Amino acid sequence: MKKFWLTMTSVLLALVLINGSVFAGDSKDALDKIVKSGKLVVATELGTHPWAYKDPKTGKITGFTVELAQMFADDLGVELEIKTYEWAGIIPSLLTGKVDMLAACLTRTVPRSAKLMYAEPYVNMPGQVLVRKGEFKDLDSINTKKVVLTATTGSVWEQIAEKRLPKSTIRTNATNADNAIALQTRRADGYLNDKLQLVAAMNKYPGQFELIEQPLAWDSFAFAIRYDSFKLWNTVNLYMRLIKMDGRYGELFKKYLGYEWVPTSETGS
Amino acid sequence: MDFSWHIIKDWWPNILHALGITIIVFIVAGILSIFLGLTLGALSTSNKKFVTAGVRTYISIFRNTPLLVQLFFLFYGLPAVGIRMSPFTTGILGIALNEGAFMAEIFRGNIQSIDRGDWEAARTLALTRFQILYYVILPQAIRDSIPAVTGQLSIIIKDTSLLSLIMIVDLTRVSNQIYTRLFDLTGFSVALILYILMNILMTSASKLAEKRFQIRR
Amino acid sequence: MNEYQVIFNFLGAGLLEVLGLIPICIIFSLILGAGIGIIQTLRIPVIYHGISCYLIFMRGVPPLLLLLIIFFVAGFDSARVSAIFMLSFYHAAYIAEIFRGGIQSLPRGQFEASDSIALRFHQKMTYVIIPQVLRTILPALTGQYIILIKDTALVSAIGVMEILYNARQAMQVVYRPLLVYFLVALLFYILCFSLECLSSYFEKRLMLEKGLNQ
Chain X
3 MKKFWLTMTS VLLALVLING SVFAGDSKDA LDKIVKSGKL VVATELGTHP
53 WAYKDPKTGK ITGFTVELAQ MFADDLGVEL EIKTYEWAGI IPSLLTGKVD
103 MLAACLTRTV PRSAKLMYAE PYVNMPGQVL VRKGEFKDLD SINTKKVVLT
153 ATTGSVWEQI AEKRLPKSTI RTNATNADNA IALQTRRADG YLNDKLQLVA
203 AMNKYPGQFE LIEQPLAWDS FAFAIRYDSF KLWNTVNLYM RLIKMDGRYG
253 ELFKKYLGYE WVPTSETGS
Chain V
54 MDFSWHIIKD WWPNILHALG ITIIVFIVAG ILSIFLGLTL GALSTSNKKF
104 VTAGVRTYIS IFRNTPLLVQ LFFLFYGLPA VGIRMSPFTT GILGIALNEG
154 AFMAEIFRGN IQSIDRGDWE AARTLALTRF QILYYVILPQ AIRDSIPAVT
204 GQLSIIIKDT SLLSLIMIVD LTRVSNQIYT RLFDLTGFSV ALILYILMNI
254 LMTSASKLAE KRFQIRR
Chain S
349 MNEYQVIFNF LGAGLLEVLG LIPICIIFSL ILGAGIGIIQ TLRIPVIYHG
399 ISCYLIFMRG VPPLLLLLII FFVAGFDSAR VSAIFMLSFY HAAYIAEIFR
449 GGIQSLPRGQ FEASDSIALR FHQKMTYVII PQVLRTILPA LTGQYIILIK
499 DTALVSAIGV MEILYNARQA MQVVYRPLLV YFLVALLFYI LCFSLECLSS
549 YFEKRLMLEK GLNQ
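Chains as they are written, first to last, in the working numbering: chain X, 3 to 271; chain V, 54 to 270; chain S, 349 to 562.
Structure follows, in structure tokens:
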């Protein structure tokens, strides 16, 4: 009898300690909550240039994705609150209800869609491999046993690399900064990410790295919403289409990505 | 807390491999740290001031700085001066150097608690310092240290989880991988159970050792 | 901005964050640990074993794994709150054992004497037992809190912008790993050493009081 109660208590303790997620997260649609409280809470990861980063001169959080989110909040008439996490914590922050929406360089994948809703994509970008200057020419030369590739923990590149470059060894690091350092110190021979973030890393280590021209995969980024917030999802979709029609999207695109946006089926409707 | 057998079945080879790495690191780093601790402990009996000061400084530095920082220093700092070892070697070295300091402190305390009379008696037999240490002092000190040393070894098992942050796929990293890909906590559940099992095994081994060597606590 | 200024800024911001985290964690774990330790000495049938499970759990699980689980599962507002939660609960288990050991090592006479003058339980604890226990366990508490200071380096793994995290970010701008990690180690060394000095100071003061009273 004593043993029974013992086990029950410890199991209860363990469950209570671990299942905090049951009590987190709203059951109402997030949009209603946003309008009522006057605040839109989004999650992003800093250090991902040009999508979301801290401006070294002003100290403000800015970037293509961040400004898109800010415009959305302005259109909605609410304030924007940005919560920053490490990449591996981004999706959990949405799923456990800490934020209403993800405003990060989040790639659309089918497995992820099983857990969250993607809005209309806001940009398409090739994913490439960054290597030290002069070492590798193309993707085939990387697909060998001795090569160590690195990507950010929780990003899609780990799985894409396993499929496309199966012979190499794939490791992950927590942030882009760690990945760049790993490449620099020869801990890794290749760093996988979308083109623009790799370009940003190249600029931080002038003259040391170069991109393998062949793209590894095509990335499309989108905002993400929980499945309990259909209203929010619908509104974000509408917003994405409207800003492309009235020219604001084109302006932002040119400002952060540096070239003109041309509406084609490749870059999103 | 999730626990789906289906995921465990799929990931079992990875989990086993990661567990293997954890155990190997534990064994190698454990042995190295004990030897390092013994050496430093023996050195601390020296008459020369600068030797004892050196030992004390080493112990102080490695005990008052986090293991993680030491690992990063070895892993990312050394390549900058041309010394580059595999992550595996770096991890073992880092843990051995760190825990060696803790072991040294344990052995130092137990060596100093050995009766002065033993030293004097051994000296009257015209034994050299090294012989005294090796045949008289250390055997006693080691016996007395067994409880503390096994306690420290349990800590080494937990230290291995830090290796997940220097690109080694250990048990913690594997469970993290499962979560970031499948959003399922099963990996963590398995890791928790395995770590607790290892700790219980360690504690039982410790009790057995104490019994066998008849340590009076 | 020259190199050293950048490093100084980054590490300084991290230091401030850590100086905020540590006192909160110390206070939480102290209260929680002391409470649990006292409850354990009472040996209440079911609760004793339940809490023992918690204590065994915390001793066997690596803090990093616990940190990750708490971060991903619990619905906390930020990484910082997850970090505080994990550090407090993890170290509270060790502190509980320290308190329990300290209480049980007191001579039975103290308990019997306070019972004989009809002190209630909480009065007995506050005025007689705990003051004496604190004197004895101060070194062990210090040791535990030094470990806590070192464990704050772990929370960089979930994105809390403390010293180690900022150091890694700084290295993208200024590539001097040996210097930066040396400075990080130095900062932690200073923090731990200060705690030790603080503790020695209190030990001496308490010893002096005890000596005077006798």
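Heads up, the beta-carbon is just placed ideally off N, CA and C, and yes, glycines get one too.
Source: prediction; values computed, not measured.
Proximity test, Cβ basis, 8 Å: residue i and chain V
i	result
residue 178(X)	no
residue 2(X)	This structure gives no information on residue 2(X), because the portion of chain X shown stretches from 3 to 271.
residue 472(S)	no
residue 183(X)	yes
residue 117(X)	yes
residue 161(X)	yes
residue 401(S)	no
residue 482(S)	no
residue 46(X)	no
Assigned secondary structure, residue i (DSSP; H/G/I helix, E/B strand, else coil)
i	result
residue 95(X)	helix
residue 265(X)	coil
residue 221(X)	strand
residue 359(S)	helix
residue 211(X)	strand
residue 98(V)	coil
residue 63(V)	helix
residue 106(X)	coil
residue 83(X)	strand
residue 171(X)	strand
residue 561(S)	Residue placement at residue 561(S) cannot be trusted, given a pLDDT of 47 that sits under 50; what the coordinates show is reported in the next sentence. Reduced to three states, the DSSP call for residue 561(S) is helix.
residue 196(X)	strand
residue 1(X)	Coverage of chain X is limited to positions 3 through 271, which leaves residue 1(X) absent and any answer about it impossible.
residue 228(X)	coil
residue 243(X)	helix
Short CB-CB distance (under 8 Å) between residue i and chain S
i	result
residue 57(V)	no
residue 36(X)	no
residue 249(V)	yes
residue 190(X)	no
residue 241(V)	yes
residue 49(X)	yes
residue 81(V)	no
residue 30(X)	no
residue 254(V)	no
residue 186(V)	no
residue 186(X)	yes
residue 269(X)	Interpretation of residue 269(X) is limited by its pLDDT of 47, a score under 50 that renders its predicted location unreliable; no figure is taken from the coordinates.
residue 41(X)	no
CB contact below 8 Å: residue i versus chain X
i	result
residue 225(V)	no
residue 507(S)	yes
residue 88(V)	no
Neighbouring residues, chain X, relative to residue i (Cβ below 9 Å)
i	result
residue 181(V)	The contacting residues do not exist; residue 181(V) stays about 46 Å from chain X at best.
residue 555(S)	Chain X residues near residue 555(S): none, gap ~40 Å exceeds 9 Å.
Residues that residue i contacts on chain V, provided the C-beta gap is smaller than 7 Å
i	result
residue 156(X)	233
residue 540(S)	117
Chain-ordered chain X contacts of residue i [CB-CB under 8 Å]
i	result
residue 516(S)	177, 179, 180 and 183
residue 434(S)	The contacting residues do not exist; residue 434(S) stays about 11 Å from chain X at best.
Contacts that residue i makes with chain S (C-beta to C-beta distance below 7 Å)
i	result
residue 119(V)	498, 501 and 536
residue 87(X)	427 and 507
residue 244(V)	413
Residue i: CB within 7 Å of a non-hydrogen atom of the ligand ATP
i	result
residue 117(X)	You won't find the ligand ATP in this model; it holds no ligand whatsoever.
Proximal chain V residues relative to residue i, where beta-carbon distance stays under 9 Å
i	result
residue 90(X)	229, 232 and 233
residue 618(S)	Nothing can be reported for residue 618(S): it is not among the residues displayed for chain S, which extend from 349 to 562.
residue 512(S)	119, 121, 122 and 125
Contact list for residue i against chain X, beta-carbon separation under 7 Å
i	result
residue 353(S)	Those do not exist, as residue 353(S) stays about 12 Å from chain X at its closest Cβ, beyond 7 Å.
Interface positions of the stretch 204-215 of chain V facing chain S (Cβ-Cβ less than 7 Å), listed along the chain
211, 214 and 215
With 9 Å as the limit, tell me which residues of the stretch 404-431 of chain S have their beta carbon closer than that to any beta carbon of chain V; keep them in chain order.
404, 405, 407, 408, 409, 410, 411, 412, 413, 414, 416, 417, 420 and 421
Three Cβ pairs or more, each shorter than 8 Å: is that satisfied between the stretch 166-184 of chain X and the stretch 36-52 of chain X?
yes
What are the residues of the stretch 127-148 of chain V that lie near chain X, defined by any Cβ-Cβ distance shorter than 8 Å?
128, 129, 132, 133, 137 and 140
Interface residues of the stretch 522-533 of chain S facing chain X [CB-CB below 8 Å]
So the close ones are 523 and 525.
Using a Cβ-Cβ cut-off of less than 9 Å, list which residues of the stretch 258-269 of chain V approach chain X; keep chain order.
Those residues of the stretch 258-269 of chain V that come within reach of chain X (Cβ to Cβ, closer than 9 Å) do not exist; the list is empty.
Closer than 9 Å, Cβ to any Cβ of chain S: which residues of the stretch 200-234 of chain X, in chain order?
203, 206 and 207
Residues, ordered as in the chain, of the stretch 54-68 of chain X that lie near chain S by beta-carbon distance below 8 Å:
Cβ contacts with chain S: none found.
Are the stretch 504-511 of chain S and the stretch 363-374 of chain S in contact at 8 Å, needing three or more beta carbon pairs?
yes
For the stretch 126-138 of chain X, enumerate the residues whose C-beta is nearer than 7 Å to any C-beta of chain S, in chain order.
none
Return the residues of the stretch 92-107 of chain X that lie within a Cβ-Cβ distance of less than 7 Å from chain S, sorted by chain order.
Interface annotation for the stretch 92-107 of chain X against chain S: 94, 98, 99 and 100, criterion Cβ-Cβ distance under 7 Å.
At least three beta-carbon pairs within less than 8 Å, the stretch 92-105 of chain V to the stretch 159-170 of chain V:
yes
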